[in-house]
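Participant: Chains as they are written, first to last, in the numbering used here: chain Y, 1371 to 1788; chain L, 36 to 653. Below you will find the structure I want to go over with you.
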Amino acid sequence: MDDLSRRTLIRVGVSSAFGALAARFLAPSLARAGALPAPKAHACILLWLNGGPSHLDTFDPKPGRPTGGPFKAIKTRAPGMMLSEHLPLLSERADKLALVRSMSSKEGNHPRAQYYVHTGYAPNPTVAHPSLGGWACARLGDPTSELPAFVSIGGPSFGAGFLGVQNGPFVLQKAGAPPADTNLPPGVDRARFERRRAALDSADERFARATGDAKVDGRRDVYAKAIRLMQTPKLDAFDVSGDSESVRRAYGDTDFGRGCLVARRLVERGAKFVEVFLDGWDTHQNNFERTKGLMGTLDPAFAGLLDDLAARRLLGSTLVACMGEFGRTPHINANDGRDHWPQAWSAALAGGGIRGGVVHGATDEDGAKVVGAPTRAPDLLATMATLLGLDPAHTEMSPAGRPISVTDDGAPIPAIMT
Amino acid sequence: MSAAFGTTATAIATLLALAACDRGVAPPSAPPLTPAPPTAGPTKPSLLTSADVDARLEAAWKAAGVTPTAPADDATWLRRAWLDVLGTIPPPEVTVRFLAQPQGDPAKRSRMIGEIIASPRWADHWTAYWDDVWMGNDARRPDIDHGAFRSWLHDVLARDVPYSEIVTQLLTATGQNSDGGPKRESEENEGSGPPGASVNGAVNWTLKYQETPQDMAGTASRTLLGVQVQCAQCHDHKTEKWTQKDFQSFAAAFMRTRLVQLDAGGAPKGAVKRVEVRNLDRSAPRFAKMGDLAPVASAEPKALDGTDLGAGDGVRVALARWVTAPENPWFARALVNRMWGHFLGRGFVDPVDDFRASNPGTTPELMDALASDFVASGYDLKHLARVIVGTEAYARSAAPLDDATQKADPEAKLWERFRVAPLGPDELLDALVTATKLDAIVRATGRLDLAQVRFRVRERYGFLFDVDDVTDQSGYEGTIPQALALLNGSVAATGTSVLPGSALAEVLGEGGDDKAKIEALYLRALSRLPTPDEVSRWAQFLVDAQAQPEAPVPPPAASPQPERARRDKAQKRGKGQQPDPLTNLEGRAGNMRATARVRAYEDLFWTLLNSSEFVLNH
């Protein structure tokens, strides 16, 4: 894995000519065609498969081919869609999935690719692009809500760039427990906390006036929000014991499974964008055993989430997306692994506004090249944005004075939208 | 500037003793130490002084029609300099002594700069800084001994090894990575222990990139030269002149190491795997298996400007020589730019590691002058710090002038006003530890391991407070979890409890009235004295608190609150997440927190440590 930290990632400079070139081949954008369709989804849950999952061993199996690997492919509830044998639960719910097999990009470097898929732009030192979660928080989030609108469970996700840290993700390191530091420390009851808070507020007010710096006011806002979070009954969103044993069991006894359950609870209570992080897909070594293990975690969690959302009549209004930053090589290396392969990979969507049981695009017989309906990450994000009610063509001014839209010229994909 | 070493031996000894206390090491009992020997410092009259720098900046301000803000007051300046040079706040004794010196004394600040730079904390702080730049947090490989790396770094910094030599050692390191101790301990080791005799900690940097020479080349170029080339990994750079071939030739220079596993039979469980790194006279065979590295492996190693780096096993040495050569246009500039950005809030070139033809930067002549000076000084990091910190520019107030008189730089690039910024995670943690004497509290429990506590707390703070200083926003860079950590988190809670060993217990134990105690707490937390208004407000707060109906003293930690118990249980169930070692420590203050008055002092201290004034560098 590359060592570029979050803060240095933004500094890498490139401008991709690929985007401009590709745009000419894409179908005309829905958004540009006229009025934006009414939002189908009130919230989005992104299942982030970190590391670049092997599309060949999961969503785009090529059994029988020399580089197809040992896994079999199984029929699913969606005619014409076969999945890896290690996704049986998902296969039974494939009639709800839209599977895009023709994702393709040029970024084979982890942080750059992760940035690209989260923001729809290649990294560029002159502007910090907001992730889709950041856009959702800024444009759809309710600033008076006690719960954060954009939550990331188990991983850092990507921030809101120039839209500000207040629109960035609230990071929950581990699902199943309340967020850290939301309880008062021992010895401090509500009354004492109030006395402290009042003293702090007046001290900060004086300091703000003395320095005349907006940072102090910004900080006081954040503190007020933090205190609201501490005191809201909606904090039970993070408490999985509020759900029955059978529901919890359906998601699987894993951090990721619990994370998906918490995502559902958050969405129920008004969150707009929740990302759940599953790491470990960067299988340069021992690809098959490791990917199989990961699918053992992903399968029940993804299936459980779809079932749970459906049972609560939330599936129609919740967009669920599942993807990583690139695919993996058909060639199997000397360590029984597969290496990075951005040229072809898969993404799966379900829920609000998504046409289920559909396969969009295809790769060649070995999964090396896209042979139909090439799709860029910006197009996928434009689809998701449109379904959430965000106009992909809407722009905000970056601090450097450039108008930045939700994706780098992405066009929504009508074939997977209802 | 040569007044740097005019400080009395006693002051140095006190400083060293205080610093030693901070680190949990017994202060030297020998007679007062003599002042540290002068570094390869400003003995040549042709080296730059702070006044030279100021003159150039003043010219730039005048040309732009920009007005600098007023000078910062002594207390503000002192705190700022300590934070920026040593990574923590000044101990109260230092503040009191500095403020007691006459206001108008011109040599006062330059003497203090000399003291600061001579402090053993210099090595501690800059070890953490360069460790973050070069190694970062990702040292999870079983064959990386992070502690050994930090020990090497601490050693070269403490011995004032020239920066060019430090970088040379980094790039050409050979030898054994570790003596094979427990990996956990190596992570916790902050580097102040001596390096093992047979170990060259510097090789751990090479080991970090043992499978990714392109990343190593990209990182080396970015951190050492300020040049971003890693996008040329996959295709020709779109806006700058680097081609993919250039990149491959450069990356080829980073493939000339052979790794010899010393624990081939298997290392003991949980121990660092021992590896020896040796030079190789061709691209290492381990890269042959990696398909995407084939073109790189077969390329002739060349520097970024096309200089041939030779053949045989001298390539790494040739690379280091090219990087650190005085003629290298980037090396000195990158360092000077980085340091200027560290102290003044924004580099000449911004971002500091993005030198490009299309990004010429502000006042490049000043940067060039500092770069030449840095080379002439023998790549002396202390000299550079002394020059920058001694400027009037560094001493600007963060407060704006009245609107009528001030014209600020509309692009906010000219440093005419000090830039308020949140403390980084290491600084914030160290400031909290210094202010509260958290180390002493932990030691006084007699059962917690100080190194472990520091490591776990540091990990948590590193994650929470790693600010993305990406955007040039005037807004605050702060998140809800950061606010929660300070509001309710265990470091602030433990530190502001009147526990044995704590700063608060010390202050309350001293004689003196409320005013004296309020002053003492302000000195510890905010490194200044309170205004008369602040004293009277807090005195009133204390009176009000005692008038409160006596709230029942909560039971000690034996019965933690139900939510906490459930949370702790949840934490123990999961793997890999250690419980907070400071949990419930603050509950043990039960007996000592007997009176409302004592609790009110805890509230006061807590408020100061949660205030913006504490958490920001201003």
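Built from N, CA and C at the ideal position, the CB exists for glycine as well. None of these values were measured; they are calculated from a predicted model.
If you follow the alpha helix (DSSP H) that L:W112 is in, where does it begin and where does it stop?
Facilitator: In the second sequence, residue 112 of chain L corresponds to position 77, counting from 1. Residues 109 to 121.
Participant: Relative to the alpha-carbon of Y:F1326, which residue among Y:L1416, Y:D1749, Y:I1724 has its alpha-carbon at the smallest distance?
Facilitator: Outside the shown range of chain Y (1371 to 1788) lies residue 1326 of chain Y, about which nothing can therefore be said.
Participant: Mind listing the chain L neighbours of Y:R1566? Cutoff is C-beta to C-beta under 7 angstroms, in chain order.
Facilitator: By one-based count along the first sequence, residue 1566 of chain Y stands at place 196. Chain L residues near Y:R1566: D638, W641, T642.
Participant: CB Y:E1645 to CB Y:S1475, shorter than 8 angstroms?
Facilitator: Here residue 1645 of chain Y is taken as the residue at index 275 of the first sequence, counted from 1. Here residue 1475 of chain Y is taken as the residue at index 105 of the first sequence, counted from 1. Contact: no.
Participant: Apply the 10 Å Cβ neighbour rule to Y:P1500 and answer buried if 16 or more other Cβ atoms are within range, or exposed otherwise.
Facilitator: As a working note, residue 1500 of chain Y is residue 130 in the first sequence. Buried is the call here.
Participant: Between Y:F1520 and chain L, is any beta-carbon pair separated by less than 8 angstroms?
Facilitator: Your numbering for residue 1520 of chain Y matches position 150 in the first sequence. Chain L, which has no Cβ nearer than 8 angstroms to the Cβ of Y:F1520, makes this no.
Participant: Count Cβ pairs between the segment 1498 to 1514 of chain Y and the segment 1752 to 1764 of chain Y that sit closer than 8 angstroms; are there 3 or more?
Facilitator: With the cut-off at 8 angstroms, the segment 1498 to 1514 of chain Y and the segment 1752 to 1764 of chain Y touch.
Participant: How would you list, in chain order, the residues of chain B whose beta-carbon sits under 8 angstroms from the beta-carbon of Y:A1580?
Facilitator: The structure shown contains no chain B; its protein chains are Y and L.
Participant: Residues in its own chain within less than 7 angstroms of Y:M1767 by CB, not counting five upstream and five downstream?
Facilitator: Translated into the one-based positions of the first sequence, residue 1767 of chain Y becomes position 397. If we look at Y:M1767 and ignore the five residues flanking it on each side, its Cβ neighbours are P1773.
Participant: Between Y:V1729 and Y:A1717, what straight-line distance do the alpha-carbon atoms span, to the nearest angstrom?
Facilitator: Residue mapping note: residue 1729 of chain Y aligns to position 359 of the first sequence, counting from 1. Residue mapping note: residue 1717 of chain Y aligns to position 347 of the first sequence, counting from 1. The alpha-carbon atoms of Y:V1729 and Y:A1717 are separated by roughly 10 angstroms.
Participant: Give me the residue from L:K472, L:W96, L:P567 with the minimum Cα distance to L:L644.
Facilitator: Here residue 644 of chain L is taken as the residue at index 609 of the second sequence, counted from 1. If we check each option's Cα against that of L:L644, L:K472 comes out closest.
Participant: At the 8 angstroms Cβ level, is L:L458 part of the contact set with chain Y, yes or no?
Facilitator: In the second sequence, counting from the first residue as 1, residue 458 of chain L sits at position 423. Not an interface residue.
Participant: Using beta carbons (cut-off 8 angstroms, strictly below), is L:V202 in contact with chain Y?
Facilitator: Counting from one through the second sequence, the residue named residue 202 of chain L turns up at place 167. No, its Cβ sits nowhere closer than 8 angstroms to a Cβ of chain Y.
Participant: Check the Cβ of Y:G1737 against every Cβ in chain L and list those closer than 8 angstroms, keeping chain order.
Facilitator: Here residue 1737 of chain Y refers to the residue found at position 367 of the first sequence. Simply none; closest approach about 16 angstroms.
Participant: For the beta strand (DSSP E) holding L:W157, just list the boundary residues, first then last.
Facilitator: One-based indexing of the second sequence puts residue 157 of chain L at position 122. Unbroken run through L:W157 is the alpha helix (DSSP H), 156 to 169; no beta strand (DSSP E).
Participant: Leaving out the 5 sequence neighbours to the left and right, which residues in its chain are closer than 6 angstroms to L:S221 when beta-carbon positions are compared?
Facilitator: Locating residue 221 of chain L in the second sequence gives position 186, where the first residue counts as 1. D180, H181, G182, V307.
Participant: Hey, Y:L1460 and Y:A1681: beta-carbon distance below 8 angstroms or not?
Facilitator: What you label residue 1460 of chain Y is simply residue 90 of the first sequence in a count that begins at 1. What you label residue 1681 of chain Y is simply residue 311 of the first sequence in a count that begins at 1. Taking 8 angstroms as the Cβ cut-off, Y:L1460 and Y:A1681 do not qualify as a contacting pair.
Participant: Measure the beta-carbon distance from L:N372 to L:V358 and round it to whole angstroms, keeping in mind my assumption that it falls under 8 angstroms.
Facilitator: Here residue 372 of chain L refers to the residue found at position 337 when the second sequence is read from its first residue. Here residue 358 of chain L refers to the residue found at position 323 when the second sequence is read from its first residue. No, L:N372 and L:V358 are not in contact; Cβ-Cβ is about 16 angstroms, not under 8 angstroms.
Participant: Is DSSP giving Y:K1445 helix, strand or coil here?
Facilitator: Here residue 1445 of chain Y refers to the residue found at position 75 of the first sequence. Note: Y:K1445 maps to strand in three-state DSSP.
Participant: Please say whether L:L463 and L:V650 have beta carbons closer to each other than 8 angstroms?
Facilitator: Against the second sequence, residue 650 of chain L aligns to sequence position 615. Against the second sequence, residue 463 of chain L aligns to sequence position 428. Yes, they are a contact pair.
Participant: Going by the beta-carbon positions, is the gap between L:D496 and L:P460 smaller than 8 angstroms?
Facilitator: The sequence position of residue 496 of chain L within the second sequence is 461, counting from 1. The sequence position of residue 460 of chain L within the second sequence is 425, counting from 1. The sequence shown places Tyr at residue 496 of chain L, rather than the Asp named in the question. Yes, these two residues count as a Cβ contact at 8 angstroms.
Participant: Look up Y:S1454 in the DSSP assignment and say whether it is helix, strand or coil.
Facilitator: Taking the first sequence and counting its residues from 1, one reaches residue 1454 of chain Y at position 84. Y:S1454: strand per DSSP, three-state reduction.
Participant: Between which two residues does the beta strand (DSSP E) carrying Y:H1730 extend?
Facilitator: As a working mapping, residue 1730 of chain Y is identified with position 360 in the first sequence. Residues 1728 to 1730.
Participant: Considering only C-alpha positions, which residue in the set L:T642, L:V578, L:R491 is nearest to L:L219?
Facilitator: Working through the second sequence from its first residue, we reach residue 219 of chain L at position 184. First, the residue type needs correcting, since residue 219 of chain L is Arg and not Leu in the sequence shown. The candidate whose alpha carbon is nearest that of L:R219 is L:R491.
Participant: List the whole-angstrom C-beta distance separating Y:V1632 from Y:A1607, where the pair is believed to meet the contact cut-off of C-beta under 8 angstroms.
Facilitator: Translated into positions along the first sequence, residue 1632 of chain Y becomes position 262. Translated into positions along the first sequence, residue 1607 of chain Y becomes position 237. Confirmed, Cβ separation roughly 7 angstroms.
Participant: Could you tell me whether the Cβ atoms of Y:W1418 and Y:L1648 are closer together than 8 angstroms?
Facilitator: Locating residue 1418 of chain Y in the first sequence gives position 48, counting from the first residue. Locating residue 1648 of chain Y in the first sequence gives position 278, counting from the first residue. Yes, they are a contact pair.
Participant: Relative to the alpha-carbon of Y:A1596, which residue among Y:A1569, Y:N1553, Y:M1693, Y:T1437 has its alpha-carbon at the smallest distance?
Facilitator: Position 226 of the first sequence, counted from the first residue, corresponds to residue 1596 of chain Y. Closest option to Y:A1596, Cα to Cα, is Y:N1553.
Participant: Residues bridged to L:P106 by DSSP?
Facilitator: Mapped onto the second sequence, residue 106 of chain L falls at position 71. Answer is L:R431, bridged to L:P106.
Participant: Do three or more CB pairs link the segment 1435 to 1451 of chain Y to the segment 1741 to 1748 of chain Y at distances below 8 angstroms?
Facilitator: With the cut-off at 8 angstroms, the segment 1435 to 1451 of chain Y and the segment 1741 to 1748 of chain Y do not touch.
Participant: For L:S284, which of helix, strand or coil comes out of DSSP?
Facilitator: Here residue 284 of chain L refers to the residue found at position 249 when the second sequence is read from its first residue. In the structure shown, L:S284 sits in a helix (DSSP, three-state: H, G or I).
Participant: Applying the 10 Å Cβ sphere with the 16-neighbour rule, what's the burial state of Y:R1562?
Facilitator: Within the first sequence, the letter at position 192 stands for residue 1562 of chain Y. Buried: at least 16 other Cβ atoms inside 10 Å.
Participant: Can we count L:S647 as close to the ligand GDP, meaning its CB is less than 7 angstroms from some heavy atom?
Facilitator: As presented, the structure is devoid of all ligands, the ligand GDP included, so that no description of it is given.
Participant: Starting from the Cα of L:D109, find the closest Cα among L:A99, L:P125, L:D549 and give me that residue.
Facilitator: Counting from 1 along the second sequence, the entry for residue 109 of chain L is found at position 74. Among L:A99, L:P125, L:D549, the Cα nearest to that of L:D109 belongs to L:P125.
Participant: Would you decide whether L:S509 is buried or exposed? Buried here means 16 or more other CB atoms lie within 10 Å of its CB.
Facilitator: Along the second sequence, one-based indexing puts residue 509 of chain L at 474. Note that L:S509 has pLDDT 42, beneath the 50 cutoff, so the model's placement of it is unreliable and the number below is only indicative. Label assigned to L:S509: exposed.
Participant: Identify the contact partners of Y:F1577 in chain L, using a Cβ-Cβ distance below 8 angstroms as the criterion.
Facilitator: Within the first sequence, residue 1577 of chain Y is the residue found at index 207, counting from 1. The answer, in chain order, is S646, S647, E648.
Participant: Over what stretch of residues does the alpha helix (DSSP H) that includes Y:R1471 continue unbroken?
Facilitator: Stepping through the first sequence from its first residue, residue 1471 of chain Y is reached at position 101. Not the alpha helix (DSSP H): Y:R1471 falls in the beta strand (DSSP E), residues 1468 to 1473.
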